[in-house]
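Novice: Quick note, the sequences are listed as chains A and B, same order.
Counting from 1 along the first sequence, just add 25 to a position and that's the residue number in the numbering used here.
Counting from 1 along the second sequence, just add 25 to a position and that's the residue number in the numbering used here.
Where is the CB? At the ideal position from N, CA and C, for every residue including glycine.
There are 2 protein chains.
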Amino acid sequence: MSPQSEQLQLKFHADFERMVTDHAVRQIILHAIEVFSKKGFTGCKIKDIAASAGFSQGYVYNYFKSKDEIFTKIVELAARGAEQSVYYAVQMPGTPTERLTWLTEAFLSPSSLAMQHWRLILLQTSTSEAIPEEAKQIVREQQQKPFGHLIRLLIEGQQAGEFVEQDPMMQAITYFSFIQGLGIAQAQTSGKLPFPTADIVLRFLKK
Amino acid sequence: MSPQSEQLQLKFHADFERMVTDHAVRQIILHAIEVFSKKGFTGCKIKDIAASAGFSQGYVYNYFKSKDEIFTKIVELAARGAEQSVYYAVQMPGTPTERLTWLTEAFLSPSSLAMQHWRLILLQTSTSEAIPEEAKQIVREQQQKPFGHLIRLLIEGQQAGEFVEQDPMMQAITYFSFIQGLGIAQAQTSGKLPFPTADIVLRFLKK
DNA sequence: GTCTATATACCGATAGAC
DNA sequence: GTCTATCGGTATATAGAC
Numbered sequence: 026m027s028p029q030s031e032q033l034q035l036k037f038h039a040d041f042e043r044m045v046t047d048h049a050v051r052q053i054i055l056h057a058i059e060v061f062s063k064k065g066f067t068g069c070k071i072k073d074i075a076a077s078a079g080f081s082q083g084y085v086y087n088y089f090k091s092k093d094e095i096f097t098k099i100v101e102l103a104a105r106g107a108e109q110s111v112y113y114a115v116q117m118p119g120t121p122t123e124r125l126t127w128l129t130e131a132f133l134s135p136s137s138l139a140m141q142h143w144r145l146i147l148l149q150t151s152t153s154e155a156i157p158e159e160a161k162q163i164v165r166e167q168q169q170k171p172f173g174h175l176i177r178l179l180i181e182g183q184q185a186g187e188f189v190e191q192d193p194m195m196q197a198i199t200y201f202s203f204i205q206g207l208g209i210a211q212a213q214t215s216g217k218l219p220f221p222t223a224d225i226v227l228r229f230l231k232k
Numbered sequence: 026m027s028p029q030s031e032q033l034q035l036k037f038h039a040d041f042e043r044m045v046t047d048h049a050v051r052q053i054i055l056h057a058i059e060v061f062s063k064k065g066f067t068g069c070k071i072k073d074i075a076a077s078a079g080f081s082q083g084y085v086y087n088y089f090k091s092k093d094e095i096f097t098k099i100v101e102l103a104a105r106g107a108e109q110s111v112y113y114a115v116q117m118p119g120t121p122t123e124r125l126t127w128l129t130e131a132f133l134s135p136s137s138l139a140m141q142h143w144r145l146i147l148l149q150t151s152t153s154e155a156i157p158e159e160a161k162q163i164v165r166e167q168q169q170k171p172f173g174h175l176i177r178l179l180i181e182g183q184q185a186g187e188f189v190e191q192d193p194m195m196q197a198i199t200y201f202s203f204i205q206g207l208g209i210a211q212a213q214t215s216g217k218l219p220f221p222t223a224d225i226v227l228r229f230l231k232k
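Okay, structure coming up:
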């Protein structure tokens, strides 16, 4: 993996730690991400989060006043993190192909916290009717931003003659769908099976 | 859409109707697929299924003895349907590229029941810990078959010089991940946004 | 700060009325 | 065949002990 994609991941982690300073809150959120992404919003019980973090069930309610609040907080962080990841990749120095390769590597890395967030937010939103309305609202508002960043990069790549000249909106949808599908598959197989490298993923838009 | 991909979809529907003959059972399953895929296994309440089908909550228990049984039945049908779709596509007459294009068109069609099943089975299995053990077992056993069919087609395509010569297992994983990601995105956006055609999806393995 | 105990609500499943 | 009523179990959220 390239130094640039590692840098993207580190940036993501640093953002998370800057936005969540309290130690107990951080623990709860980290373990909640784990359990929410494994069991889904309704399948995840407060007791599961508490047990995973080594606390009692009641303890969680000293820091969050409801399960909805925990989930909404995570969605907020995930939406912001997803946007930032794309943003930082796009504004790095390098050719469009290089920058998109770094972003893809960061997303596909199994150790990536960004990837976990990304999986969670999109996966849960697709099975959306049970999740809190406020979380859905955040996703609706925030989801456009990473698309905007990526589309700018795609147009730049088209003008540079690196990408095929097709509707960049369609290309962006295809890209994020592809990444999401691979992330889910990765979570299922726990990294035992062979996965594509970034250049294979990007072949669908390379000239 | 080509006649061949329509044929694949019709075949899938016919299989479903042949395997589920009782009218009430069929209604329950059809509506259960709808609600399970929207809310997830734990998020879906028996009352939701009943309300969607226009029955009372207790009525469902005349045909299924538990929520687990409904879900497991659906997983069974989905696993079989997914295998059959790939199988029929692979054994059609035509070049490897043509056959894979028909399969992809069938999967990407918004009206496809096969697509709904496929989404459900893979999506739920990824958030797997809450779903019944028997359903997980079926997926584990049945999931290899469509991979087997597809891999044979990929090898054939490589030998014919149509596909790039890479690990066919990796290519199969990439293909199904891609399809799954696009299916989820399609479900989220309810078909308003531009989606890629089959030939764009297949570019990652075309020579 | 952290845990235990409990009130309240909801859901899956059963029994039985019509 | 289809519905209503209800039991039992479990989860969220609160209150209060240490």
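Can you round the beta-carbon distance between MET140(B) and LEU102(B) to whole angstroms, since I take them to be within the 8 angstroms contact cut?
Specialist: As a first step, residue 140(B) must be located in the second sequence, where it is residue number 115. As a first step, residue 102(B) must be located in the second sequence, where it is residue number 77. Actually they are not in contact, since the Cβ atoms of MET140(B) and LEU102(B) sit about 14 angstroms apart, beyond 8 angstroms.
Novice: For the alpha helix (DSSP H) containing GLN32(B), name the first residue and the last one.
Specialist: Sequence index remark: in the second sequence, residue 32(B) carries index 7 (1-based). Start and end: 28-44.
Novice: What's the C-alpha gap between THR120(B) and GLN183(B)?
Specialist: Position 95 of the second sequence, counted from the first residue, corresponds to residue 120(B). Position 158 of the second sequence, counted from the first residue, corresponds to residue 183(B). About 11 angstroms.
Novice: Since GLU78(B) and GLN52(B) should fall inside the 8 angstroms C-beta cutoff, what is the C-beta to C-beta distance between them, to a whole number of angstroms?
Specialist: Counted from its first residue, the second sequence places residue 78(B) at position 53. Counted from its first residue, the second sequence places residue 52(B) at position 27. It should be pointed out that residue 78(B) corresponds to Ala in this sequence rather than to Glu. That belief holds up - the Cβ atoms of ALA78(B) and GLN52(B) are roughly 5 angstroms apart, short of 8 angstroms.
Novice: Is the region 58-74 of chain B touching the region 109-117 of chain B, taking contact as three or more C-beta pairs under 8 angstroms?
Specialist: no
Novice: Would you say SER77(A) reaches chain B, if we count a Cβ-Cβ gap shorter than 8 angstroms as a contact?
Specialist: Walking along the first sequence from the start, residue 77(A) turns up at place 52. Judged by the 8 angstroms Cβ criterion, SER77(A) is not in contact with chain B.
Novice: Tell me the DSSP bridge mates of LYS231(A)?
Specialist: By one-based count along the first sequence, residue 231(A) stands at place 206. Note: LYS231(A) sits in a beta bridge opposite PHE188(A).
Novice: Hey, is ASP192(B)'s beta-carbon within less than 8 angstroms of any beta-carbon in chain A?
Specialist: Here residue 192(B) refers to the residue found at position 167 of the second sequence. Interface residue, yes.
Novice: Could you round the C-beta distance between ALA107(A) and TRP143(A) to whole angstroms and report it? I think they count as a contact, below 8 angstroms.
Specialist: Within the first sequence, the letter at position 82 stands for residue 107(A). Within the first sequence, the letter at position 118 stands for residue 143(A). That pair is a contact at about 6 angstroms.
Novice: Under 8 angstroms, do THR24(B) and GLU187(B) count as touching if we go by C-beta distance?
Specialist: Coverage of chain B is limited to positions 26 through 232, which leaves residue 24(B) absent and any answer about it impossible.
Novice: Have a look at PRO171(A) and HIS48(B) and give me their C-alpha separation to the nearest angstrom.
Specialist: Within the first sequence, the letter at position 146 stands for residue 171(A). Within the second sequence, the letter at position 23 stands for residue 48(B). Take the alpha-carbon of PRO171(A) and the one of HIS48(B): they are about 46 angstroms apart.
Novice: For the region 182-208 of chain B, list every residue whose C-beta sits within 9 angstroms of some C-beta in chain A, in sequence order.
Specialist: Interface annotation for the region 182-208 of chain B against chain A: VAL189, GLN191, ASP192, MET194, MET195, GLN196, ILE198, THR199, PHE201, SER202, PHE203, ILE204, GLN205, GLY206, LEU207, GLY208, criterion Cβ-Cβ distance under 9 angstroms.
Novice: Output the residue ranges of the alpha helix (DSSP H) runs that lie fully inside the region 41-108 of chain A and measure 4 residues or longer, sorted by chain position.
Specialist: 48-68, 71-78
Novice: State yes or no: is the beta carbon of PRO221(B) nearer than 8 angstroms to at least one beta carbon in chain A?
Specialist: Mapped onto the second sequence, residue 221(B) falls at position 196. Closer than 8 angstroms to some Cβ of chain A, the Cβ of PRO221(B) qualifies, so yes.
Novice: Please report the straight-line C-alpha distance between PRO135(A) and HIS38(A), rounded to a whole angstrom.
Specialist: Indexing the first sequence from 1 puts residue 135(A) at position 110. Indexing the first sequence from 1 puts residue 38(A) at position 13. In a straight line, the C-alpha of PRO135(A) is about 14 angstroms away from that of HIS38(A).
Novice: How would you list, in chain order, the residues of chain A whose beta-carbon sits under 8 angstroms from the beta-carbon of THR67(B)?
Specialist: To locate residue 67(B), count along the second sequence from 1; it is residue 42. Per Cβ cutoff of 8 angstroms: LYS64, GLY65, THR67, GLY68.
Novice: What residue range is occupied by the uninterrupted alpha helix (DSSP H) comprising GLN196(A)?
Specialist: To locate residue 196(A), count along the first sequence from 1; it is residue 171. 193-214 is the extent of the alpha helix (DSSP H) around GLN196(A).
Novice: In the DSSP assignment, the alpha helix (DSSP H) including GLN162(B) goes from what residue to what residue?
Specialist: Your numbering for residue 162(B) matches position 137 in the second sequence. Residues 158-167.
Novice: Between ARG228(B) and chain A, is the shortest Cβ-Cβ distance under 8 angstroms, so that the two count as touching?
Specialist: The count along the second sequence starts at 1 and reaches residue 228(B) at position 203. It does; some Cβ of chain A falls within 8 angstroms.
Novice: For the ligand FAD, is there a heavy atom less than 7 angstroms away from the beta-carbon of ALA103(A)?
Specialist: Ligands are entirely absent from the displayed structure, and the ligand FAD is therefore not among its contents.
Novice: Counting Cβ pairs closer than 8 angstroms, one from the region 91-99 of chain B and one from the region 27-34 of chain B, do we hit at least three?
Specialist: No: fewer than three Cβ pairs fall under 8 angstroms.
Novice: When the Cα of PHE203(A) is compared with those of ILE95(A), TYR113(A), ASP224(A), GLY216(A), which residue comes out closest?
Specialist: As a first step, residue 203(A) is located in the first sequence; it is residue number 178 there, counting from the start. Considering only alpha carbons, the answer is ASP224(A).
Novice: Quick test of your reading: LEU179(B) and PRO193(B), contact by CB under 8 angstroms. State the CB separation rounded to the nearest angstrom.
Specialist: Position 154 of the second sequence, counted from the first residue, corresponds to residue 179(B). Position 168 of the second sequence, counted from the first residue, corresponds to residue 193(B). Their Cβ separation, rounded to whole angstroms, is 4 angstroms, which keeps LEU179(B) and PRO193(B) in contact under 8 angstroms.
Novice: Tell whether a beta-carbon distance below 8 angstroms holds between LEU227(B) and THR126(B).
Specialist: Locating residue 227(B) in the second sequence gives position 202, counting from the first residue. Locating residue 126(B) in the second sequence gives position 101, counting from the first residue. Their beta carbons are under 8 angstroms apart, which means LEU227(B) touches THR126(B) by this criterion.
Novice: Any beta carbon from chain A within less than 8 angstroms of LEU218(B)'s own beta carbon?
Specialist: The sequence position of residue 218(B) within the second sequence is 193, counting from 1. Judged by the 8 angstroms Cβ criterion, LEU218(B) is in contact with chain A.
Novice: Are the C-beta atoms of ILE71(B) and some chain A residue less than 8 angstroms apart?
Specialist: Stepping through the second sequence from its first residue, residue 71(B) is reached at position 46. No, ILE71(B) does not count as interfacial toward chain A.
Novice: Under a CB-based cut-off of 8 angstroms, is ALA107(A) close to chain B?
Specialist: Position 82 of the first sequence, counted from the start, is the residue given in the question as residue 107(A). Closer than 8 angstroms: no.
Novice: Determine whether the Cβ of ALA210(B) lies closer than 8 angstroms to any Cβ atom of chain A.
Specialist: By one-based count along the second sequence, residue 210(B) stands at place 185. Chain A has a Cβ within less than 8 angstroms of the Cβ of ALA210(B).
Novice: Does any residue of chain A have a CB that is nearer than 8 angstroms to the CB of ILE176(B)?
Specialist: Against the second sequence, residue 176(B) aligns to sequence position 151. For ILE176(B), the answer is no, since every Cβ of chain A falls outside 8 angstroms of its Cβ.
Novice: Would you kindly report the start and end of the unbroken alpha helix (DSSP H) that includes GLU123(A)?
Specialist: Reading the first sequence from its first residue, position 98 is the one you call residue 123(A). Start and end: 121-133.
Novice: Name the chain B residues that come within less than 8 angstroms of GLU154(A), Cβ to Cβ?
Specialist: Position 129 of the first sequence, counted from the first residue, corresponds to residue 154(A). Correct list: LYS63, LYS64, GLY68.
Novice: If you run the structure through DSSP and keep just helix, strand and coil, what is MET117(A)?
Specialist: Your numbering for residue 117(A) matches position 92 in the first sequence. Coil, per DSSP.
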